[in-house]
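J.: Structure incoming, see below.
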Amino acid sequence: MIACRSLHVAYGTGQPDVLCGLSFTVPSGSICALLGPTGAGKSTLLHALSGTLGMFHHAAQCSGSVTVNEETFMPVPRRVLFPAVGMLMQEPHLQFSGMAETVEGELKWTLDNLGIIGDAAQKQISVALDRFGCSTLRARTLRSLSGGELHRIAFASVLVARPSVLLLDEPVASLDQNARAQVARLLDSLRGDATILFTDSDPDLAMRLADRIIVLDSGTLRLDGSRKTFLDTVDAFGDILTVTTWPRVRERFAASGLSSLTARRLRRSLGQT
Amino acid sequence: MIATKLAFVLFCWTAAFALPTAVQVVFMHAAFVLGRFLPLFRPSSAQARRLYVRFLLYAGLLSAVVVILNALFVRNGEVLLDLGIVQFSREGVEFGLRVSVRLVLMSTAVLVFFLSTPLRDLAAFLDSSGAPAVLTSVLLLSLEFLERLPQRIEQIFTAQEARGAPVRAGFAGRFRSLFSILGPLIVSSIVESVERSHALALRGFPAPPEHRIRIRLPLTIPAWSLIAGVVAMVGWKLWESFR
Amino acid sequence: MSILFDNVTARYPNAPQDALRNVSFALPSSSFALLVGHNGAGKSTLVRLMNGMIRPKAGVIAVNGLSTDGIPTSRLAAEVAVTFQNPADQLFAPTVRDEVAFGPRNLRLPGIDDHVSDALALCGLTSVADRHPYDLSLAERKLLTIASAVAMQTPVLAFDEPNAGLSQPERRRLHTIFSTLKARGRMLLVISHDLGQFLSLTDRIIALDGGSLVYDGTPSGVSDAEKILRRTGVRFPFSERVVQLLEK
Numbered sequence: 001m002i003a004c005r006s007l008h009v010a011y012g013t014g015q016p017d018v019l020c021g022l023s024f025t026v027p028s029g030s031i032c033a034l035l036g037p038t039g040a041g042k043s044t045l046l047h048a049l050s051g052t053l054g055m056f057h058h059a060a061q062c063s064g065s066v067t068v069n070e071e072t073f074m075p076v077p078r079r080v081l082f083p084a085v086g087m088l089m090q091e092p093h094l095q096f097s098g099m100a101e102t103v104e105g106e107l108k109w110t111l112d113n114l115g116i117i118g119d120a121a122q123k124q125i126s127v128a129l130d131r132f133g134c135s136t137l138r139a140r141t142l143r144s145l146s147g148g149e150l151h152r153i154a155f156a157s158v159l160v161a162r163p164s165v166l167l168l169d170e171p172v173a174s175l176d177q178n179a180r181a182q183v184a185r186l187l188d189s190l191r192g193d194a195t196i197l198f199t200d201s202d203p204d205l206a207m208r209l210a211d212r213i214i215v216l217d218s219g220t221l222r223l224d225g226s227r228k229t230f231l232d233t234v235d236a237f238g239d240i241l242t243v244t245t246w247p248r249v250r251e252r253f254a255a256s257g258l259s260s261l262t263a264r265r266l267r268r269s270l271g272q273t
Numbered sequence: 274m275i276a277t278k279l280a281f282v283l284f285c286w287t288a289a290f291a292l293p294t295a296v297q298v299v300f301m302h303a304a305f306v307l308g309r310f311l312p313l314f315r316p317s318s319a320q321a322r323r324l325y326v327r328f329l330l331y332a333g334l335l336s337a338v339v340v341i342l343n344a345l346f347v348r349n350g351e352v353l354l355d356l357g358i359v360q361f362s363r364e365g366v367e368f369g370l371r372v373s374v375r376l377v378l379m380s381t382a383v384l385v386f387f388l389s390t391p392l393r394d395l396a397a398f399l400d401s402s403g404a405p406a407v408l409t410s411v412l413l414l415s416l417e418f419l420e421r422l423p424q425r426i427e428q429i430f431t432a433q434e435a436r437g438a439p440v441r442a443g444f445a446g447r448f449r450s451l452f453s454i455l456g457p458l459i460v461s462s463i464v465e466s467v468e469r470s471h472a473l474a475l476r477g478f479p480a481p482p483e484h485r486i487r488i489r490l491p492l493t494i495p496a497w498s499l500i501a502g503v504v505a506m507v508g509w510k511l512w513e514s515f516r
Numbered sequence: 517m518s519i520l521f522d523n524v525t526a527r528y529p530n531a532p533q534d535a536l537r538n539v540s541f542a543l544p545s546s547s548f549a550l551l552v553g554h555n556g557a558g559k560s561t562l563v564r565l566m567n568g569m570i571r572p573k574a575g576v577i578a579v580n581g582l583s584t585d586g587i588p589t590s591r592l593a594a595e596v597a598v599t600f601q602n603p604a605d606q607l608f609a610p611t612v613r614d615e616v617a618f619g620p621r622n623l624r625l626p627g628i629d630d631h632v633s634d635a636l637a638l639c640g641l642t643s644v645a646d647r648h649p650y651d652l653s654l655a656e657r658k659l660l661t662i663a664s665a666v667a668m669q670t671p672v673l674a675f676d677e678p679n680a681g682l683s684q685p686e687r688r689r690l691h692t693i694f695s696t697l698k699a700r701g702r703m704l705l706v707i708s709h710d711l712g713q714f715l716s717l718t719d720r721i722i723a724l725d726g727g728s729l730v731y732d733g734t735p736s737g738v739s740d741a742e743k744i745l746r747r748t749g750v751r752f753p754f755s756e757r758v759v760q761l762l763e764k
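Chains as they are written, first to last, in the working numbering: chain A, 1 to 273; chain E, 274 to 516; chain Y, 517 to 764.
Now the structure itself:
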């Protein structure tokens with residue numbers, strides 16, 4: 001689980017707060033979307049939760065508290081929370097160690113850092129690759145992989161360490177709709193296995209699968225609720241998010257009398273496969 | 274294998290200061306031959322091979338220049354060649370040879386090492402042998418930067434050329450466009466390096482020493498032999514200086 | 517005609533197949549064309565052919581009556597201004613104003629200051645003109661790349677996914693920018709699948725599928741345009757698909 005209580009973060013003494021007294025909880029095993037425009041503080045929050053805030057911001061001023069998996073830090077973790085927390089960057093090429101030629105070598109590198117070697121490592125690698133349907137890619141070189149395959153291996157290289165919290169920084173920002181659907185399916189398959197928090201400036205992925213939506217604007221919480229709550233108040237976020245079609249969805253949804261919002265369930269409700 | 278190659282570099286550098294010039298010449302030629310024929314020391318790519326050949330040519334040229342300049346300007350002792358207005362002294366030639374052989378031996382050893390060792394393998398070796406994490410980080414970030422450099426430059430060239438910048442024109446045009454290429458390249462590299470550092474930290478890098486150090490002694494026989502050679506040379510030099 | 521493609525075929529070096537095959541169309545000035553197609557259909561290739569970044573294997577390309585054959589990209593930049601998706605590829609100047617002035621300076625346009633001020637005002641960046649480009653938000657940086665293209669005073673402007681990453685107010689600003697440019701007689705070619713954003717401005721849709729032209733015409737409405745998009749294999753955003761399902 002992830003929780004913040006009155007979290008304030010500024011990048012230096014006398015600097016304005018980048019995060020202004022955030023308080024929220026993400027229950028274990030759930031998927032939470034953190035929506036907001038660029039500069040809202042989304043990346044800062046991810047760094048505060050993962051313990052990487054101090055890596056490049058030694059003078060950061062923080063107050064409040066952060067809780068990750070029952071461990072509370074006041075104000076923020078001062079050490080990197082690996083392997084409890086895993087983080088996926090927007091670009092796959094930023095994720096890789098640069099020390100491995102093959103897919104297996106890349107996943108093995110994460111486990112080497114954990115001190116997991118030999119048969120135990122091989123087994124964990126197999127499980128991670130199977131999870132993402134990448135078993136056939138095991139012996140392939142990273143250079144030979146397509147964009148979509150690289151994305152899946154980047155996921156696997158983080159998840160092979162079995163983090164209980166997974167943070168994703170704008171996971172679909174540079175992807176086309178087909179690739180976004182693939183990422184959505186990957187995240188959906190992880191539901192229950194890890195507490196997932198991803199950031200985005202477009203509500204599409206959030207509305208597709210998030211259990212909870214948090215809207216952040218200039219470091220301040222504007223919403224913390226369900227998809228239904230977000231949809232009911234979507235017009236209020238037009239100044240910071242891309243919400244063009246969602247008001248129409250709300251009207252049609254209200255008129256339809258349906259109670260659930262995922263496309264798959266809609267199709268089932270409408271008698272389509 | 275990398276340990277063996279590092280031992281080879283250490284051996285050549287020690288020889289460059291400890292052994293007589295004539296012996297250094299032998300080792301220098303040995304380094305050339307190793308870099309050309311032995312798989313362990315052969316350049317790892319076609320581009321590296323071309324670089325190696327170019328180095329040999331330039332090393333020869335530079336050595337000739339060093340010898341000639343020293344022969345001209347060191348005026349002590351016997352005159353080897355008198356051309357009237359210029360004279361070449363024996364001492365100058367010997368000094369020039371000593372300096373150039375030393376430089377070529379040292380630089381050949383280093384070049385052969387780096388041309389035959391992909392940076393990726395070097396970074397993995399350093400990580401596994403307990404070298405400071407900052408060293409491995411710098412290598413990895415440099416590797417990433419170099420690998421992406423051609424693609425990034427092409428992207429930036431395209432973007433700026435579309436704004437009328439003469440990036441592919443003559444020297445003057447390219448010089449005028451220099452900042453418009455370097456600016457985006459440097460800024461995006463720094464941003465990517467920061468992101469990458471975060472990503473690697475969250476995959477456990479650098480790992481604690483008990484998980485990192487996976488290279489254990491004994492090293493290979495050639496590596497031990499070279500290290501023994503280094504110890505012998507240093508010992509001999511010390512004995513000579515105290516005699 | 518502002519843009520003319522006559523039986524154009526193009527292939528990238530070492531590519532196994534053509535990126536564009538026998539593509540022909542003509543676009544007049546003072547018009548707005550939407551270029552659609554799935555990933556890899558050839559949209560970016562088409563734009564790069566227009567300003568000479570790639571050369572065709574066969575066929576003729578003309579911009580404002582000028583054949584692109586043999587003319588370097590830096591010269592064709594006076595006819596076609598192109599913006600790309602990633603502002604980081606081009607931002608380097610110390611101020612926003614200098615960044616916008618870069619293109620006009622390269623083209624040695626007279627009255628650069630006026631063109632720059634006009635472009636800044638159109639894109640809503642006058643108040644940040646003296647700031648460093650990296651002090652701007654990502655959305656503002658995108659608008660900056662658009663302002664840089666506008667200031668070049670080219671008859672043709674091409675934009676690659678210009679509204680990606682923009683929030684509602686910025687998308688409304690973008691709509692105003694494009695309608696103003698169209699009213700001023702410029703020809704705009706936009707790569708985007710956002711019909712909601714651009715359909716009211718669109719005179720023509722050019723649809724590509726696997727390097728071939730599959731549609732070139734004027735859509736009669738949203739549903740007609742959506743059918744065209746579906747033919748190219750483009751997948752609609754989740755929100756659009758939910759609306760379509762709920763409307764059935």
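Glycine included, C-beta positions come from ideal geometry on N, C-alpha and C. Just so it is clear, the structure is predicted and the values come from calculations on it, not from any experiment.
Can you list, in chain order, the stretches of the alpha helix (DSSP H) that have 4 or more residues and sit fully within the segment 162-225 of chain A?
T.: Here the runs fully enclosed are 177-189, 204-209.
J.: Check whether the segment 582-593 of chain Y and the segment 555-562 of chain Y are in contact - that is, three or more C-beta pairs closer than 8 Å.
T.: The segment 582-593 of chain Y vs the segment 555-562 of chain Y: no contact.
J.: Check whether the segment 417-428 of chain E and the segment 458-470 of chain E touch, using three or more Cβ-Cβ pairs below 8 Å as the test.
T.: Yes, since at least three Cβ pairs between the segment 417-428 of chain E and the segment 458-470 of chain E fall closer than 8 Å, the two stretches touch.
J.: Just how far apart, CA to CA, sit Asp-17(A) and Asn-538(Y)?
T.: Approximately 57 Å between the Cα atoms of the pair.
J.: Starting from Glu-71(A) and walking both ways along the beta strand (DSSP E), at which residues does that stretch end?
T.: Per DSSP, Glu-71(A) belongs to the beta strand (DSSP E) from 71-73.
J.: When DSSP labels each residue in this structure, what does His-554(Y) get in the three-state scheme?
T.: His-554(Y) falls in the coil class under three-state DSSP.
J.: If you run the structure through DSSP and keep just helix, strand and coil, what is Asp-534(Y)?
T.: Residue state, collapsed to three classes: coil.
J.: Below 8 Å on the Cβ atoms is my guess for Ile-240(A) versus Ser-683(Y); work out the distance and round it to an integer in Å.
T.: Rounded, the Cβ-Cβ distance is 5 Å, consistent with contact.
J.: Would you mind telling me which residues of chain Y sit closer than 8 Å to Gly-456(E), beta carbon to beta carbon, in chain order?
T.: Under the 8 Å cutoff, chain Y gives Leu-607, Phe-608, Ala-609.
J.: Please confirm if Gly-477(E) has its CB atom under 8 Å from at least one CB of chain A.
T.: It does: the Cβ of Gly-477(E) has a partner Cβ on chain A nearer than 8 Å.
J.: Indicate the three-state DSSP secondary structure (helix, strand or coil) for Ala-344(E) in the structure shown.
T.: Reduced to three states, the DSSP call for Ala-344(E) is helix.
J.: For Ser-547(Y) versus Met-703(Y), is the C-beta spacing smaller than 8 Å?
T.: Contact: yes.
J.: Using a C-beta to C-beta distance shorter than 7 Å, which residues of chain Y count as neighbours of Ile-463(E)?
T.: None at all; the shortest Cβ gap to chain Y is about 11 Å.
J.: Check the Cβ-Cβ distances between Gly-619(Y) and every residue of chain E, and say whether any is below 8 Å.
T.: Closer than 8 Å: yes.
J.: Using a Cβ-Cβ cut-off of less than 9 Å, give me the residues of the segment 194-209 of chain A that come near chain D, in sequence order.
T.: Looking for chain D here will not work: the only protein chains present are A, E and Y.
J.: Work out the CA separation of Ala-120(A) and Thr-273(A) for me, nearest whole Å.
T.: In this prediction, Thr-273(A) scores a pLDDT of 36, lower than 50, which makes its location untrustworthy; the coordinate-derived value is nonetheless stated afterwards. Whole-angstrom Cα-Cα distance: 41 Å.
J.: Can you name the start and end residues of the alpha helix (DSSP H) that Arg-720(Y) belongs to?
T.: Element bounds for Arg-720(Y): not the alpha helix (DSSP H) but the beta strand (DSSP E), 720-725.
J.: Do three or more CB pairs link the segment 599-619 of chain Y to the segment 467-481 of chain E at distances below 8 Å?
T.: The segment 599-619 of chain Y is not in contact with the segment 467-481 of chain E.
J.: For Ala-319(E) and chain Y, any beta-carbon pair shorter than 8 Å?
T.: No, no contact with chain Y.
J.: Just verifying my parser: in three-state terms, what is the DSSP assignment at Asp-740(Y)?
T.: Looking at Asp-740(Y) - three-state DSSP - the assignment turns out to be helix.
J.: What three-state label does DSSP hand Gly-271(A) in the structure shown?
T.: Note that Gly-271(A) has pLDDT 45, beneath the 50 cutoff, so the model's placement of it is unreliable and the number below is only indicative. In this structure, Gly-271(A) counts as coil in the three-state DSSP scheme.
J.: Once DSSP output is grouped into helix, strand and coil, what is the label at His-525(Y)?
T.: Note that residue 525(Y) is Thr in the sequence shown, not His. Three-state DSSP puts Thr-525(Y) in a strand.
J.: Buried or exposed: Asp-130(A), going by 16 or more other Cβ atoms within 10 Å of its Cβ?
T.: Per the 10 Å Cβ criterion, exposed.
J.: Would you list the one or two residues that DSSP bridges to Phe-24(A)?
T.: Paired residues: Cys-4(A).
J.: Can you tell which of Leu-762(Y), Arg-687(Y), Leu-729(Y), Gly-712(Y) has its C-alpha closest to the C-alpha of Asp-740(Y)?
T.: Out of Leu-762(Y), Arg-687(Y), Leu-729(Y), Gly-712(Y), Gly-712(Y) has the C-alpha closest to the C-alpha of Asp-740(Y).
J.: Report buried or exposed for Ala-295(E), applying the criterion of at least 16 other Cβ atoms within 10 angstroms of its Cβ.
T.: Ala-295(E) comes out exposed.
J.: Just the chain Y side, please: which residues come within less than 8 Å of Ile-214(A) by C-beta, in chain order?
T.: Simply none; closest approach about 17 Å.
J.: With Thr-670(Y) and Ala-594(Y) assumed to form a contact (beta carbons below 8 Å), what rounded beta-carbon distance in angstroms separates them?
T.: With 8 Å as the limit, Thr-670(Y) and Ala-594(Y) qualify as a contact, their Cβ atoms being about 7 Å apart.
J.: Using the beta-carbon of each residue, which ones in chain E are nearer than 8 Å to Pro-83(A)?
T.: Simply Gly-477.
J.: Listing by chain order, which chain A residues have their CB less than 8 Å from the CB of Glu-763(Y)?
T.: Chain A residues near Glu-763(Y): Arg-252.
J.: Any idea which residues DSSP pairs Ala-597(Y) with across the strands?
T.: According to DSSP, Ala-597(Y) bridges with Leu-673(Y).
J.: Is it right to say Asp-400(E) is buried, meaning 16 or more other beta carbons lie within 10 angstroms of its own, or is it exposed?
T.: Buried, because 16 or more other Cβ atoms sit within 10 Å of the Cβ of Asp-400(E).
J.: Helix, strand or coil: which one does DSSP assign to Ile-454(E)?
T.: Correct three-state label for Ile-454(E): helix.
J.: Just the chain E side, please: which residues come within less than 7 Å of Thr-589(Y) by C-beta, in chain order?
T.: Result: Glu-434, Ala-435.
J.: Tell me Gly-733(Y)'s beta-bridge partners as DSSP assigns them.
T.: Gly-733(Y) is bridged to Ile-721(Y).
J.: Going by DSSP, what residues sit across from Ile-31(A) in a beta bridge?
T.: Paired residue(s): Ile-196(A).
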